Amino acid sequence: MPDEAALLRVLGDRAPDGLPIYRDDPADPDDENTLATAAFAIRAAGIDVTIHQHGTQRFATRIVPDGRATDAS
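For the sequence shown, full-length UniProt numbering gives the first residue as 1, with consecutive numbering after it.
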């Protein structure tokens, strides 16, 4: 299972050279700044979703499968 903290560290990269993964500079050369980062953990019991902004978790929820849904596999 992936380490969510490690994933967030990669997505929060602010490398000084070139264009980092996480960008929030108003003068960004290609006008593509990061608004937030979403992490999805897909498990048998449901899907956990967390939204992070500026390194802080801002939202979390779990989506639970509907008992009426059929298995897609």
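The C-beta atom is built at its ideal place from N, Cα and C for all residues, glycine as well.
The structure displayed is predicted, hence computed values, not measured ones.
Residues of its chain near residue i, where Cβ-Cβ distance is below 6 Å and the 5 sequence neighbours each way are ignored
i	result
R62	G46 and D48
Per DSSP, the bridge partner or partners of residue i
i	result
A60	T50
T37	H52
Whole-number beta carbon distance between residue j and residue i, since they are thought to touch under 8 Å
i	j	result
R23	T34	5 Å
Proximity of residue i and residue j at Cβ, strictly below 9 Å
i	j	result
E4	T56	no
L8	H52	yes
D31	L19	no
Cβ shell of residue i (< 7 Å), same chain only, five flanking positions each side left out
i	result
A44	none
Cβ-based neighbour list, residue i, same chain, cut-off 8 Å, excluding 5 preceding and 5 following
i	result
D10	It is worth fixing the name first, because residue 10 is Val in this sequence and not Asp. Within the same chain, V10 has close Cβ partners I21.
Start-end ranges of the alpha helix (DSSP H) lying completely within the stretch 2-36, minimum 4 residues: 4-11
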